[in-house]
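Residue numbering for the sequence shown follows the working numbering, starting at 1 and increasing by one per position. Note that beta-carbon positions come from the ideal geometry of N, C-alpha and C, so glycine has one too.
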Amino acid sequence: MVDELFNANKSYTAFHYLTISLAMTQPITILNAACHTNPYPYYASLREGPALAFNAELKCWIASRAAVVKEVLESAACAVRPITEPVPRNIAGGSAGEIFSHLVRMNEGKAHAVPKQVIQSSLSKLDLSGIAAHTQQHATRLTSKYDVRTGNGLTQYLFNLPVHVMGSVLGFQENALPALANWMSDFVRCLSPLSTAEQIDAAHIAAKALQNSFRHLLQDSQAKPDGFLAGLQSEATQLGWHHADGILPNLIGLLSQTYEATAGLAGNSLTALHAHPDILKIMRDGGADLPQKLSQLVTEIARYDAPVQNTRRFVIQDCEIAGQKLQTGDVIVVLLAAANRDAATNPDPDTLQLDRPDRKVFTFGYGRHACPGQHIAEQIAGICLHHLLSMPAFDFATLHWTYRPSLNGRIPIFTQPLHNKETP
Ligand code: HEM
1 MVDELFNANK SYTAFHYLTI SLAMTQPITI LNAACHTNPY PYYASLREGP
51 ALAFNAELKC WIASRAAVVK EVLESAACAV RPITEPVPRN IAGGSAGEIF
101 SHLVRMNEGK AHAVPKQVIQ SSLSKLDLSG IAAHTQQHAT RLTSKYDVRT
151 GNGLTQYLFN LPVHVMGSVL GFQENALPAL ANWMSDFVRC LSPLSTAEQI
201 DAAHIAAKAL QNSFRHLLQD SQAKPDGFLA GLQSEATQLG WHHADGILPN
251 LIGLLSQTYE ATAGLAGNSL TALHAHPDIL KIMRDGGADL PQKLSQLVTE
301 IARYDAPVQN TRRFVIQDCE IAGQKLQTGD VIVVLLAAAN RDAATNPDPD
351 TLQLDRPDRK VFTFGYGRHA CPGQHIAEQI AGICLHHLLS MPAFDFATLH
401 WTYRPSLNGR IPIFTQPLHN KETP
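Here is the structure:
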């Protein structure tokens with residue numbers, strides 16, 4: 001899930017700054033970096049500064065070096081939500097807030113540990129070749145529905161594919177997938193302080209629809225004892241995770257975590273192929289090795305141009321990190337994308353290297369909240385690219401894009417016709 005930097009009570013500030021920053025190309029700030037054309041020199045300048053830099057205007061600390069990012073994400077004193085606001089104020093009380101309150105991603109302690117164990121173990125049992133088959137099938141279907149030679153068609157393809165694949169894995173029938181993708185699109189909007197009141201209303205409606213359809217799915221899952229859901233439910237029973245404690249919201253969470261970030265990983269891989277014709281040639285000449293080369297590419301892109309550029313932590317007890325005293329209530333912006341390019345961890349970090357030795361990637365988090373869906377996301381993104389590479393009419397040289405306004409997601413929106421539809 002692409003979530004946002006600041007909680008609801010800071011949203012006006014965040015929105016205000018982002019609006020200003022997007023209107024001007026300069027100066028780059030922590031708020032517009034994720035969707036800036038090139039945020040990496042800015043991140044390099046932050047890495048050269050203090051281990052934890054205080055931004056007085058936004059009243060937050062910034063961690064950019066790999067070692068400091070690790071220390072923050074490992075610290076028990078740094079939580080995923082502020083104690084005083086477990087659910088963002090702007091969605092609390094509605095269906096979207098109800099889902100949010102149960103997500104493993106947004107909880108600590110017991111509410112995190114057992115569900116995380118169940119989810120991680122269930123996802124790790126998924127056969128990646130099965131994910132590949134689902135992705136291939138949906139890629140074929142979606143490229144006949146959307147004209148990927150147009151900016152809009154390509155964007156639709158990239159956003160729909162991951163959620164269709166994960167929806168199928170969870171057990172939804174094909175005819176349910178388009179509605180699922182639309183609800184997901186509306187639901188994830190509520191996680192951003194950039195959302196309008198109308199978007200929050202739409203998110204609550206979508207959340208309710210998602211709750212209903214997942215309820216039916218869970219009932220039907222009893223008839224499919226070999227399915228993913230039946231396996232997850234039996235594992236949950238063994239470990240003492242009960243339905244009342246949020247299994248259903250966390251299944252919705254699996255889709256929301258998949259949705260935009262995976263589209264961003266595939267999209268950022270496309271923009272990299274556009275900018276690196278030498279690597280595009282390697283892919284085009286890949287032959288039988290293409291799946292392996294694409295897998296290397298996607299893993300390196302996750303490091304080089306992360307679809308999730310940052311996360312945040314809230315200090316829940318006074319502590320010291322990287323020699324800096326922090327107080328309860330402090331907010332830390334954790335720059336995953338800056339840590340990925342720390343030369344202390346990844347030598348020659350600004351070069352895209354397919355066979356980078358001992359690659360360290362922070363894009364999927366680190367420590368107890370690290371993403372359990374990394375391999376699934378990489379698999380979907382790799383097959384998504386494979387499909388586009390196999391289409392002779394798809395021209396990487398004509399790609400144009402902007403980035404979806406976001407405080408932490410770097411997700412390209414392809415804008416202009418890639419190809420004149422009149423002369424295919
Ligand atoms: C490119 C795609 C993805 C990216 C970049 C990504 C990134 C992340 C990050 C950074 C976190 C940790 C956030 C933090 O610590 O603050 C996270 C957590 C999580 N992700 Fe992903 N993710 C992706 C895809 C997926 C997929 C496909 C799934 C499931 C099928 C998934 C499921 C989860 C879950 C359940 C968590 C919460 C883990 C916890 O809090 O313990 N993610 N992801």
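Which of helix, strand or coil DSSP assigns to residue i
{"i": "C190", "result": "coil"}
{"i": "F314", "result": "strand"}
{"i": "T258", "result": "helix"}
{"i": "T328", "result": "coil"}
{"i": "N451", "result": "Because the chain is modelled from 1 through 424, residue 451 falls outside the range shown and cannot be assessed."}
{"i": "A63", "result": "strand"}
{"i": "A23", "result": "Here the model assigns A23 a pLDDT of 38, short of 50, so the residue's position is not dependable and the matter cannot be decided."}
{"i": "A33", "result": "helix"}
{"i": "F214", "result": "helix"}
{"i": "F228", "result": "helix"}
{"i": "V163", "result": "helix"}
{"i": "A272", "result": "helix"}
{"i": "A77", "result": "coil"}
{"i": "V114", "result": "helix"}
{"i": "V308", "result": "strand"}
{"i": "V334", "result": "strand"}
{"i": "E85", "result": "coil"}
{"i": "V148", "result": "coil"}
{"i": "A92", "result": "coil"}
{"i": "K125", "result": "coil"}
{"i": "G240", "result": "coil"}
{"i": "L427", "result": "With the chain running from 1 to 424 in the structure shown, residue 427 is simply not present."}
{"i": "D285", "result": "coil"}
{"i": "N182", "result": "helix"}
{"i": "T135", "result": "helix"}
{"i": "Q292", "result": "helix"}
{"i": "Q233", "result": "helix"}
{"i": "R341", "result": "coil"}
{"i": "N429", "result": "Because the chain here runs from 1 to 424, residue 429 falls outside it and cannot be looked at."}
{"i": "Q120", "result": "helix"}
{"i": "Q222", "result": "coil"}
Residues sharing a beta bridge with residue i, DSSP
{"i": "T402", "result": "I413"}
{"i": "I321", "result": "Q324"}
{"i": "N55", "result": "C60"}
{"i": "V104", "result": "Answer is none; V104 lacks a bridge partner."}
Residues near residue i in its chain [Cβ-Cβ closer than 8 angstroms; skip 5 each side]
{"i": "E320", "result": "L326"}
{"i": "L126", "result": "V169, F228 and I376"}
{"i": "P50", "result": "Q324"}
{"i": "G231", "result": "S122 and K125"}
{"i": "A53", "result": "L46, W61, I62 and S64"}
{"i": "D318", "result": "A77, K325, L326, Q327 and T328"}
{"i": "L352", "result": "A272, H276, I279, E300, I301 and Y304"}
{"i": "A179", "result": "A209 and S213"}
{"i": "M24", "result": "Bear in mind that a pLDDT of 41 at M24, under 50, signals an unreliable position, so the number given afterwards is only what the model happens to contain. There are no such residues."}
Beta-carbon proximity list for residue i, same chain, < 7 angstroms, skipping 5 on both sides
{"i": "A132", "result": "Q379 and I383"}
{"i": "L388", "result": "V148 and F394"}
{"i": "M166", "result": "L254, L255 and T258"}
{"i": "V72", "result": "A63, C78, R313, I321, I332 and V334"}
{"i": "R303", "result": "N340, N346, R359, V361 and T363"}
{"i": "I316", "result": "A77, A79, I83 and T328"}
{"i": "I200", "result": "N90, I91 and C190"}
{"i": "L251", "result": "L170 and F214"}
{"i": "E235", "result": "V118, S121 and S122"}
{"i": "T415", "result": "G151, H400, W401 and T402"}
{"i": "L265", "result": "V298, I301, A302, P307, A377 and A381"}
{"i": "S269", "result": "L297, V298, I301, A381 and L385"}
{"i": "A370", "result": "F364"}
{"i": "F15", "result": "Caution applies to F15, whose pLDDT of 38 falls short of 50 and renders its modelled position unreliable; the value that the coordinates give is listed next. Excluding positions up to five away in sequence, the list reads P193 and L194."}
Check: residue i C-beta below 8 angstroms from any heavy atom of the ligand ATP
{"i": "R105", "result": "This structure does not include the ligand ATP; its bound ligands are the ligand HEM."}
Cβ shell of residue i (< 6 angstroms), same chain only, five flanking positions each side left out
{"i": "W183", "result": "A206, A209 and L210"}
{"i": "A337", "result": "A306 and Q309"}
{"i": "C60", "result": "V331 and V333"}
{"i": "I28", "result": "H36 and Y42"}
{"i": "R404", "result": "I411 and I413"}
{"i": "A96", "result": "C190, A203, H204 and A207"}
{"i": "P349", "result": "R341 and A343"}
### Ranges of the alpha helix (DSSP H) found wholly within the segment 344-403, counting only runs of at least 4
374-389
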